[in-house]
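See structure below.
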Amino acid sequence: SIYSRKISLSAQDTITFEVRDTTLKKVEQSSLKDIKSISWGEGFAVTYSITDRTSFNSALQIISAIHEQKKTKDVVIALVGNKKDLEHFRSVPREEGNTAAHQLGCLFFELSASEELDNVRAAFSAILEGVRRRKVRWKPSVKKVNSLPRTKKTNVRYLNVFSKLKHDKKRQVSLK
């Protein structure tokens, strides 16, 4: 199922937010490589139940599969512990979820989807903001390149330079 909604991040910044719900009952590592939504997605909320250790372990496998398929850890992922309202049945300590998220480079949230709608919104807003910041970092800049020789094969006048972090000199393409 795909859910689509327009969301305003600010007065000038409105985006279309599409969520593909890919509920997985049983996760096997081999099947994760073929999940189309991993290549389709730009931000991920990987949810587990704080009352079910198996769902937590599956969530960690899913995050690893996302990193593997995306071929980077620079992707916005939130590890979300759900069913916080069932604290008395907890089998995954909050600290364990937080530590795992930190080690995997993920955002971390614990909430009750049935009782804490504001916290659900906050989690998705954080994912959206992370995706927006990532897109700004990856935004191509077009630079005029007069110093490059023109050849019959390429006839280059403009060069698209993709720079991951504008302030990171080591990652910028040098035109000198």
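Residues in the sequence shown are numbered consecutively from 11, following our numbering. Beta carbons: idealized from backbone N, C-alpha and C, even for Gly.
Beta strand (DSSP E) containing GLU106: first to last residue? No beta strand (DSSP E) holds GLU106; the alpha helix (DSSP H) holding it covers 104-113.
Looking only at its own chain, which residues have a Cβ that is under 7 Å from the Cβ of SER18, when we skip the five neighbours before and after it? Taking C-beta separations shorter than 7 Å and ignoring five residues to either side along the sequence, the partners of SER18 in its chain run THR24, following chain order.
Please go through the same chain and pick out, in chain order, the residues whose beta-carbon is closer than 7 Å to the beta-carbon of LYS93, but skip the five residues on each side of it. Excluding sequence neighbours, LYS93 sits near SER59, ILE60, THR61, SER122.
On the premise that ASN129 lies in contact with PHE119, defined as a C-beta separation below 8 Å, what is that separation, rounded to the nearest angstrom? Indeed they touch by this definition, with Cβ atoms about 7 Å apart.
Beta carbon of LEU138 nearer than 8 Å to that of ALA111: Not a contact, by the Cβ cut-off of 8 Å.
Using DSSP bridges, identify the partner residues of ASN92. ASN92 pairs with SER59.
CB-CB under 7 Å to VAL141, same chain, minus the five flanking residues each way: which ones, in chain order? Taken in chain order, the residues that qualify are GLU52, GLY53, VAL86.
Pairwise C-alpha distance: ILE48 and ARG105: Here residue 105 turns out to be Glu, not Arg, going by the sequence shown. Distance between GLU105 and ILE48, taken at the CA atoms: about 27 Å.
Limits of the beta strand (DSSP E) - the one that LYS81 falls within: Where LYS81 is concerned, there is no enclosing beta strand (DSSP E), given that its DSSP letter is neither H nor E.
For TRP50 and SER65, I'd like the C-alpha separation in whole angstroms. Their backbone Cα atoms lie some 23 Å apart in a straight line.
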